[in-house]
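Before any comments, here is the structure.
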Amino acid sequence: MADTQHLNRIVSYLKETRAQNVALSDVVALAEVTAESLQTFFETLDTTLYRELRDIAVYIDEMKAEIGALQANELKESRIPAAGQELGAIVKATEAATNTIMECAEAVMAADVRDPAAYKTLVDGQMMRVFEACSFQDITGQRIAKVVETLQHIEQRVARFVEAMRAKDLSGFVDDHERNRAERKNKFMLNGPASDGEGIGQAQVDQLFAPARR
Amino acid sequence: MAIDLSMPILVVDDYNTMIRIIRNLLRQLGFEDVDDASDGSAALAKMRGKRYGLVISDWNMEPMTGYELLKEVRGDPGLNRTPFIMVTAESKTENVIAAKKAGVNNYIVKPFNAQTLKTKIEAVFSE
């Protein structure tokens, strides 16, 4: 009712003053009337707007908390580089062990068998080196366990974040490098070693080649 | 057809360990002249400088894959008759079919044993 009264006042005033010159004081008075009439409207708008902005602020606070809980900096600067180092160490260890084992095999295969006693001594010595080299499996197993633990840690944190944020995946690639790698992988069928049940065995490969051999 | 044990063989793999394994297996089969390359482009360069009787190549290498190497070899009039065996961990049917279409002579899935390598080499030279 108050809003209508104010508007009616504006209309009446304009009707009264339309034919006359409008003074500055008239304009100021008109502005005051207008502002008064809109005050209620703005008060309503402020409340609605304030509520929505407050909801957004709360959401942003929650998101910041979840991002903090992700501990992305710790993952990036500590855990992931550490896992990478473990994997690098695994590659080195397996390579070293493999080379040692092959050296032993080569030494045995090249050995002179004419002296059986000397040959036995050599073989025994080389086989001991082989057993020692095989201890790499214990160390690499422990390193792999550490990497798996890191992956599980990352998985838990990402899963929590995704659930809290109700995150949805965007399609596409982060950058050109990622796109190029994906395209290369797809173009040249670079799948890598298959998991159990995924690839085919040599017998099935041979069947695929059988018709060509006729 | 009797296999010429003196023929040069080129082994292509980005893992030195695998090259060493294959070299030893080939030595056991009587092949002594064995060269190696770490990827398809290095292999291609070697093949254009020396005639090889057989190429044994991995698939997943950079910058050039064994699959690209195979297609380059089959597309080169001077090299396209070179016997080519793929030895790889790529064991999906699509890989095998693609290699066969590209003209590979035989395909060995890793891990493999000496008998398999021997059988496949013999099969290639009996064709």
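Taken in order, these protein sequences are the chains called Z and S. Position 199 of the first sequence, counted from 1, bears residue number 199 in the numbering used here, the numbering being contiguous throughout. Just remember that the numbering used here sits 214 ahead of the position in the second sequence, which is counted from 1. Ideal Cβ positions, reconstructed from N, Cα and C, are used throughout, including at glycine. Since the structure is predicted, the reported quantities are computational estimates derived from the model, not experimental observations.
Can you name the start and end residues of the beta strand (DSSP E) that Y321/S belongs to?
320 to 323
Q) Is the CB-CB distance between A257/S and L284/S below 8 angstroms? A) no
Q | Touching by the beta-carbon criterion (3+ pairs, under 8 angstroms), the stretch 164 to 182 of chain Z and the stretch 104 to 121 of chain Z | A | no
(message) Given this structure, state the Cα-to-Cα distance separating N8/Z from E43/Z, to the nearest angstrom.
(response) Those two C-alpha atoms are separated by around 20 angstroms.
Take the Cβ of A266/S as the centre, count every other Cβ of all protein chains shown within 10 Å, and call the residue buried at 16 or more, exposed below.
In the sequence under discussion, the amino acid at residue 266/S is Tyr, which differs from the Ala named in the question. Y266/S comes out buried.
- Can we say the stretch 100 to 110 of chain Z touches the stretch 138 to 153 of chain Z, given the rule of at least three CB pairs closer than 8 angstroms? no
Out of P116/Z, L208/Z, A210/Z, Q202/Z, which has the shortest C-alpha to C-alpha gap to V301/S? Q202/Z
Which class does I217/S belong to by DSSP, given the choice of helix, strand or coil?
coil
Review point. If you compare alpha carbons, which of V287/S, F326/S, G292/S, M221/S is closest to S305/S?
Key: Of the listed residues, the one whose Cα sits closest to S305/S is F326/S.
Identify which residue in V338/S, I217/S, D228/S has its Cα closest to the Cα of G254/S. D228/S
inquiry  = Beta-carbon within less than 7 angstroms of R29/Z's beta-carbon, same chain only, minus the 5 sequence neighbours each way: which residues are those?
reply    = What sits at residue 29/Z in the sequence shown is Ala, not Arg. Taken in chain order, the list of residues that qualify is empty.
Discussion item. Does chain S have any CB closer than 8 angstroms to the CB of T100/Z?
Written reply: no
Helix, strand or coil for I200/Z, going by three-state DSSP, please let me know. Coil at I200/Z, not helix or strand.
Practice problem: Please name the residue, chosen from T150/Z, A93/Z, R114/Z, that lies closest to Q71/Z on a Cα-to-Cα basis. | Solution: T150/Z
* **Neighbour flag for Q230/Z against chain S, beta carbons, 8 angstroms** => In this structure chain Z extends from 1 to 214, so residue 230/Z is not present and cannot be described.
Would T98/Z and T330/S be called neighbours here (beta carbons separated by less than 8 angstroms)?
Their beta carbons are not under 8 angstroms apart, which means T98/Z does not touch T330/S by this criterion.
Worksheet item: Between R288/S and the rest of its own chain, which residues show a CB-CB distance below 7 angstroms, the 5 nearest in sequence each way excluded?
Response: N294, A316, G317
Sequence-distant residues of its chain with Cβ nearer than 6 angstroms to K185/Z (five each side left out):
none
Q: Note the first and the last residue of the continuous alpha helix (DSSP H) segment covering S25/Z.
A: 24 to 70
Q.
Give me, in chain order, the residues of the same chain whose beta-carbon lies closer than 8 angstroms to that of D247/S; leave out the 5 immediate sequence neighbours on both sides.
A. S220, M221, P222, I223
F361/S, enclosing beta strand (DSSP E) - first and last residue: The first residue shown for chain S is 215 and the last is 341, placing residue 361/S beyond what the model contains.
(request) Pair every Cβ in the stretch 55 to 72 of chain Z with every Cβ in the stretch 146 to 161 of chain Z, then say whether three or more of these pairs are closer than 8 angstroms. (result) yes
Problem - Classification of I60/Z by the beta-carbon crowding that lies within 10 angstroms, buried from 16 upward - result: Label assigned to I60/Z: exposed.
Q) How about L208/Z and I311/S: are their beta carbons less than 8 angstroms apart? A) yes
Please tell me whether R214/Z has its Cβ less than 8 angstroms away from any Cβ of chain S.
Since pLDDT at R214/Z reaches only 46, below the 50 mark, its modelled position is unreliable, and the value read off the structure follows with that caveat. No, no contact with chain S.
Problem set entry | As assigned by DSSP and simplified to three states, the class of S271/S | Reduced to three states, the DSSP call for S271/S is strand.
Measure the alpha-carbon distance for K332/S versus K260/S and round it to whole angstroms.
-> 24 angstroms
Q: For L170/Z, name the three-state secondary structure that DSSP assigns.
A: Taken through DSSP and simplified to helix, strand or coil, L170/Z comes out as coil.
### Query
I200/Z to A164/Z, Cα distance in whole Å?
41 angstroms
Tell me whether the beta-carbon of A83/Z lies closer than 8 angstroms to the beta-carbon of V174/Z. The answer is no: Cβ separation not under 8 angstroms.
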